[in-house]
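Numbering (our numbering), first residue to last: 30 to 462. For every residue, glycine included, the Cβ atom is placed at its ideal position computed from N, Cα and C. Source: prediction; values computed, not measured.
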Ligand code: ATP
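If you want it as structure tokens, here you go:
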């Protein structure tokens with residue numbers, strides 16, 4: 030039996046008017062097509078918990094693709110569909126996306142003596158989900174707009190702050206749910222329920238992760254490491270003995286915990302300072318996770334996680350070079366701006382932030398923050414184009430001159446365009462002499 034109540038006031042109070050209208054429009058199309066349609070999953074969970082979430086997941090009892098197409102056609106949006114899964118994504122002109130899935134009627138043959146059961150397709154769809162807290166649905170058809178349907182005790186578990194699976198074979202079906210359980214627990218300050226916790230221990234003991242692809246394992250870890258509280262989550266992974274599934278030697282001792290704390294501080298500082306989240310947060314956390322590993326160990330971990338070759342530089346060349354840079358930043362007495370710039374400009378933001386988290390002395394920290402805040406964005410006024418206009422024949426001299434002019438600017442030796450020109454002319458004359 031489902032627990033049913035009205036959530037329409039909650040929708041009105043917690044959804045912005047534009048989104049509320051969008052949901053109503055979706056409901057109208059469902060009505061016109063004679064389909065029952067629901068918002069489900071993380072969106073409903075976060076609505077009930079008053080967390081911001083604008084990821085709309087719609088489940089339609091019937092053909093979700095036809096529904097998505099009709100909605101898109103009426104409003105002039107685009108649709109991507111996957112007929113083999115019965116799913117579609119509606120893409121609005123501003124890029125906003127709505128996921129649509131089809132719940133099909135299913136008939137389950139039950140043990141011989143009992144009749145065949147026909148189950149509501151919505152209920153079956155929700156039953157296949159990972160945790161009870163993710164199993165609520167809100168109907169969006171006009172006549173029952175805002176009806177919240179809770180078959181599996183989601184509201185009870187939200188009150189109890191518990192993450193629970195729906196049945197005992199949940200982790201057998203999909204072991205990535207172990208990592209998802211930890212992520213949701215840490216994100217919401219919940220606890221994994223006793224039975225669910227025992228099922229996780231069993232999954233570890235029985236090594237359910239052996240056949241889990243690196244791609245799926247990596248994508249769950251990435252989500253954990255990009256969430257608000259990765260330290261708590263990594264600690265939980267260590268507690269359940271899950272880290273060895275990434276690499277047998279991976280641990281989370283006090284030293285690594287301190288490093289993670291320090292990474293957290295650095296990332297908070299960086300995000301506030303630059304309002305820029307275009308770098309890969311997960312990569313900084315992975316560098317921390319693998320800290321202390323030799324190259325062979327990193328190799329094995331990257332292989333297990335099937336981390337794409339485009340990220341390998343960070344964990345090989347940059348990791349090695351970054352270590353040398355930190356050594357110099359900590360020890361060298363004098364380092365002028367241009368020297369600092371030339372050394373650090375070869376490193377991506379992810380490694381620079383990791384080095385800042387690792388830096389021990391005030392001197393090294395100051396140097397790294399100086400590079401990030403003051404030097405990294407410096408450019409000279411003169412360009413290759415200027416040199417061309419001066420009639421200089423393109424060749425290695427261009428780079429030599431432009432580098433020297435930039436160095437002079439970094440070291441405060443030139444200020445105006447004329448200063449730069451004078452320096453360039455001098456350098457070119459010297460080269461020609
Ligand atoms: P987030 O806020 O992190 O995006 P979410 O709950 O929206 O959380 P998604 O990964 O976007 O998470 O998944 C959407 C829904 O699909 C979830 O609410 C869950 O019900 C279901 N789901 C996702 N992954 C699984 C899984 N491995 N097993 C079962 N159900 C899953």
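Original post:
Are the CB atoms of residue 176 and residue 184 nearer to each other than 8 Å?
Top reply: Residue 176 places its beta carbon 8 Å or farther from that of residue 184.
Original post:
When every heavy atom of the ligand ATP is checked, does at least one fall within less than 7 Å of the C-beta of residue 163?
Top reply: Under cutoff, so the answer is yes.
**OP:** For residue 61, I'd like the list of residues in its chain whose CB is within less than 8 Å of its CB, leaving aside the five on either flank, ordered along the chain.
**Re:** Cβ within range, chain order: 99.
Original post:
DSSP three-state call for residue 6: helix, strand or coil?
Top reply: Shown here, the chain extends from 30 to 462; a query on residue 6 therefore has no answer.
Original post:
CB of residue 159 to nearest heavy atom of the ligand ATP: below 7 Å?
Top reply: For the ligand ATP, at least one heavy atom lies less than 7 Å from the Cβ of residue 159.
**OP:** Could you please give the first and the last residue of the uninterrupted alpha helix (DSSP H) stretch that includes residue 111?
**Re:** That residue, residue 111, is in no alpha helix (DSSP H); its beta strand (DSSP E) goes 107 to 111.
Original post:
How about residue 226 and residue 191: are their beta carbons less than 8 Å apart?
Top reply: Residue 226 places its beta carbon 8 Å or farther from that of residue 191.
Original post:
How would you call residue 33, buried or exposed, if buried means at least 16 neighbouring beta carbons within 10 angstroms?
Top reply: Residue environment analysis places residue 33 among the exposed positions, since fewer than 16 neighbouring C-beta atoms fall within 10 angstroms of its C-beta.
**OP:** Spatial neighbours of residue 329 within its chain, please: CB distance less than 7 Å, with the 5 preceding and 5 following residues excluded, ordered by chain position.
**Re:** 276.
**OP:** Assign residue 190 to one of three DSSP states: helix, strand, or coil.
**Re:** In the displayed model, residue 190 falls within coil according to three-state DSSP, outside both helix and strand.
Original post:
Just how far apart, CA to CA, sit residue 215 and residue 236?
Top reply: Looking at the two C-alpha atoms, the distance is approximately 23 Å.
Original post:
residue 83 to residue 55, Cα distance in whole Å?
Top reply: Straight across, the Cα-Cα distance linking residue 83 with residue 55 is about 15 Å.
Subject >> Cβ pair count under 8 Å reaching 3, the segment 388 to 402 against the segment 355 to 375 >> reply: Flag = yes, the segment 388 to 402 and the segment 355 to 375 touch.
Original post:
Where do the ends of the alpha helix (DSSP H) carrying residue 398 lie?
Top reply: 391 to 399 is the extent of the alpha helix (DSSP H) around residue 398.
Original post:
Does the ligand ATP have even one heavy atom less than 7 Å from the beta-carbon of residue 258?
Top reply: No; taking the cut-off as 7 Å, the Cβ of residue 258 has no heavy atom of the ligand ATP nearer than that.
**OP:** Name the one or two DSSP bridge partners that residue 90 has.
**Re:** Beta-bridge partners assigned by DSSP to residue 90: 65 and 132.
Original post:
Rounded to the nearest angstrom, how far is the Cβ of residue 117 from that of residue 108, given a contact under 8 Å?
Top reply: Correct: roughly 5 Å between the Cβ atoms.
Original post:
Can you tell me the Cα-Cα spacing of residue 302 and residue 30, whole angstroms?
Top reply: Taking C-alpha positions only, residue 302 is separated from residue 30 by approximately 52 Å.
Subject >> residue 344 - partner residues in DSSP beta bridges >> reply: Paired residues: none, contrary to the question.
**OP:** Determine which residues share a DSSP beta bridge with residue 177 and list them.
**Re:** Residue 177 is bridged to 34 and 167.
Original post:
With a CB to CB cut of under 8 Å and the five nearest residues on each side skipped, what residues in its chain are close to residue 206?
Top reply: Short of 8 Å from the beta carbon of residue 206, and not among the five residues preceding or following it, lie these beta carbons of its own chain, in chain order: 159, 160, 194, 199 and 200.
Original post:
Between the Cα of residue 348 and the Cα atoms of 369, 370, 368 and 315, which residue gives the shortest distance?
Top reply: Closest in alpha carbon position to residue 348, among 369, 370, 368 and 315, is 315.
**OP:** Out of 125, 66, 35 and 65, point me to the one whose CA is closest to residue 47's CA.
**Re:** The shortest C-alpha separation from residue 47 is found at 125.
Original post:
Between the beta-carbon of residue 292 and the beta-carbon of residue 313, is there less than 8 Å?
Top reply: The beta carbons of residue 292 and residue 313 sit closer together than 8 Å.
Original post:
Rounded to a whole number of angstroms, what is the C-alpha to C-alpha distance between residue 365 and residue 123?
Top reply: Roughly 46 Å between the two C-alpha positions.
Original post:
Out of 332, 105 and 234, which has the shortest C-alpha to C-alpha gap to residue 269?
Top reply: 234 is the residue among 332, 105 and 234 whose C-alpha sits nearest the C-alpha of residue 269.
Original post:
Does the Cβ-Cβ distance between residue 166 and residue 77 come in under 8 Å?
Top reply: Inclusion of residue 166 and residue 77 in the CB contact set at 8 Å is not warranted, their separation being larger than that value.
Original post:
Would the beta-carbon of residue 527 fall within 8 Å of that of residue 334?
Top reply: Within the shown structure, residues of the chain are numbered from 30 to 462, placing residue 527 beyond reach of any answer.
Original post:
Quick one: is the Cβ of residue 206 within less than 7 Å of any heavy atom of the ligand ATP?
Top reply: It does: the Cβ of residue 206 is within 7 Å (strictly closer) of some heavy atom of the ligand ATP.
Original post:
Ordered along the chain, which non-local residues of its own chain (more than five positions away) have a Cβ less than 7 Å from that of residue 101?
Top reply: Exclusion of the five residues before and after residue 101 leaves 107, 108 and 119 as the residues of its chain whose Cβ lies within less than 7 Å of its Cβ.
Subject >> Residue range of the unbroken beta strand (DSSP E) whose run includes residue 118 >> reply: Taken as a continuous stretch (DSSP letters only), the beta strand (DSSP E) holding residue 118 covers 116 to 120.
**OP:** Indicate, with yes or no, if the ligand ATP has a heavy atom lying under 7 Å from the CB of residue 209.
**Re:** Checking the Cβ of residue 209 against the ligand ATP gives yes.
Original post:
Any heavy atom of the ligand ATP closer than 7 Å to the CB of residue 84?
Top reply: Yes, the ligand ATP has a heavy atom inside 7 Å of this Cβ.
Original post:
Based on the DSSP output, what are the partners of residue 85 in its beta bridges?
Top reply: Bridge partners of residue 85: 127.
**OP:** Decide if residue 154 is buried, meaning its Cβ has at least 16 other Cβ atoms within 10 Å, or exposed.
**Re:** Classification of residue 154: buried, given that the 10 Å Cβ count is 16 or more.
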